[in-house]
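One structure is given here, and the rest of the page talks about it.
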Amino acid sequence: MSTKKKNQPYEFPEEKPNIVEEPFMPLPPLNLDLSKRYTYADYLTWFDDVRRELIDGFIHIMSAPNELHARISFNLVLWAGTFFRKRKAKCRIYHAPFDVRLPVEGSKEDDEIYDVVQPDICVICDLSKIDEKGCIGAPDLIVEILSPSTSKKDRTLKFNLYEKAGVREYWMISPKTGRLHVFILQPNGKYDAGTIYEYDQKASVHIFEGMEINLKDLFEV
Numbered sequence: 014m015s016t017k018k019k020n021q022p023y024e025f026p027e028e029k030p031n032i033v034e035e036p037f038m039p040l041p042p043l044n045l046d047l048s049k050r051y052t053y054a055d056y057l058t059w060f061d062d063v064r065r066e067l068i069d070g071f072i073h074i075m076s077a078p079n080e081l082h083a084r085i086s087f088n089l090v091l092w093a094g095t096f097f098r099k100r101k102a103k104c105r106i107y108h109a110p111f112d113v114r115l116p117v118e119g120s121k122e123d124d125e126i127y128d129v130v131q132p133d134i135c136v137i138c139d140l141s142k143i144d145e146k147g148c149i150g151a152p153d154l155i156v157e158i159l160s161p162s163t164s165k166k167d168r169t170l171k172f173n174l175y176e177k178a179g180v181r182e183y184w185m186i187s188p189k190t191g192r193l194h195v196f197i198l199q200p201n202g203k204y205d206a207g208t209i210y211e212y213d214q215k216a217s218v219h220i221f222e223g224m225e226i227n228l229k230d231l232f233e234v
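In C-alpha cells, the structure reads:
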C-alpha cells in the first residue's frame, strides 16, 4: 500500500547510466572548395559544426544569430504557434536550424537538389512535404531576419530562390530599422513590389486570414 501523502510532489527516480559517456568533442571544420558546386547528397556527408546553406549548389556559411535576432525569432514562433493552435490548423512552424530543400528543377533525388536553406522561420501547411530530414518543397511562409552578413543574400539570392520555388509569402525583418518587408507571390509566379511596415504598425500574413501582429511586439521581451 502506498504511503505517499496527498498533494506531495512526485519524486522522479534517479536514472543511472549504464555506460560511461565520453565528453563531446566538436569536429574541426571541413576544408571545402567554396568555388565548387555541390548537391544535397554532398551536404549530407558534412559532419562538422559549421552551418551552411546551398544556393544553386554553392556554399554559404552561416553565423550564429545575435541576441536581438534570437529574440525576434522566438517571438515569431510564439505568435505563429499561438495563432495556429487556437484555430486547430495543421500547419507547422519551424525555426533554424531546419533544412528546407527546394528542388526547383523538379527532381527530388538527393544528388539532383542544389538548394538547401535554413530559413529563420518557415510555416508548412502541406505536411506531405515534411520528412525525417526536414522539408522538401516550398513552405507557405518564410521569414528571414536580416543581419549585416546576410542582408544581401536574403534580398537577392534567397528572394529569387523563394520566388522560383513558389514560396507563397516572404517576410524580411530588419532589426536595424524595425521595418518589415512583405512580398506576396502572384498568379504569374512572381512576387509583387512588396509592402513595407514600420515599427509602430500592425502587419498581416496575407495568406492566412486573421493572422496579424503589432510589429513592435516582435522586438520586445
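Anchor point for the sequence shown: position 91 equals 104 in this note's numbering, and the numbering is continuous, going up by one each time.
Note that the Cβ used here is the ideal one computed from N, Cα and C, for glycine as well.
Given the structure is predicted, the values throughout are model-derived calculations rather than measurements.
Tell me residue i's beta-bridge partners as DSSP assigns them.
i, result
"residue 185", "157, 194"
"residue 208", "195"
"residue 165", "Looking at the DSSP assignment, residue 165 forms no beta bridge with any residue, so it has no partner."
"residue 215", "227"
"residue 71", "68"
Pick helix, strand or coil for residue i, following the three-state DSSP scheme.
i, result
"residue 66", "strand"
"residue 125", "helix"
"residue 225", "strand"
"residue 107", "strand"
"residue 143", "strand"
From the options, pick the residue whose C-alpha is nearest to that of residue i; which is it?
i, options, result
"residue 77", "121, 88, 56, 162", "162"
"residue 153", "117, 189, 135", "135"
"residue 3", "60, 151, 157, 138", "Outside the displayed span of the chain (14 to 234) sits residue 3, for which this structure offers no information."
"residue 157", "101, 68, 168, 149", "168"
"residue 187", "117, 212, 201", "212"
"residue 74", "84, 61, 86", "61"
"residue 123", "160, 67, 181", "67"
"residue 101", "93, 132, 196", "93"
"residue 53", "185, 44, 72, 63", "72"
"residue 194", "202, 182, 208, 200", "208"
"residue 144", "172, 170, 107, 133", "107"
Leaving aside the five residues before and after residue i along the sequence, list all residues of the same chain whose C-beta is less than 6 Å from its C-beta, in chain order.
i, result
"residue 224", "96, 218"
Does any residue of chain C bring its CB to less than 7 Å from the CB of residue i?
i, result
"residue 91", "Looking for chain C here will not work: only one protein chain is present."
Apart from the five residues just before and just after residue i, which ones in its own chain have a Cβ nearer than 7 Å to its Cβ?
i, result
"residue 110", "64, 131"
"residue 166", "73"
Assuming residue i contacts residue j under a Cβ cut-off of 8 Å, what Cβ separation, rounded to an integer in Å, is found between them?
i, j, result
"residue 82", "residue 160", "6 Å"
"residue 151", "residue 179", "4 Å"
For residue i, which residues in the same chain have their Cβ closer than 8 Å to its Cβ, ignoring the five residues on either side in sequence?
i, result
"residue 199", "205"
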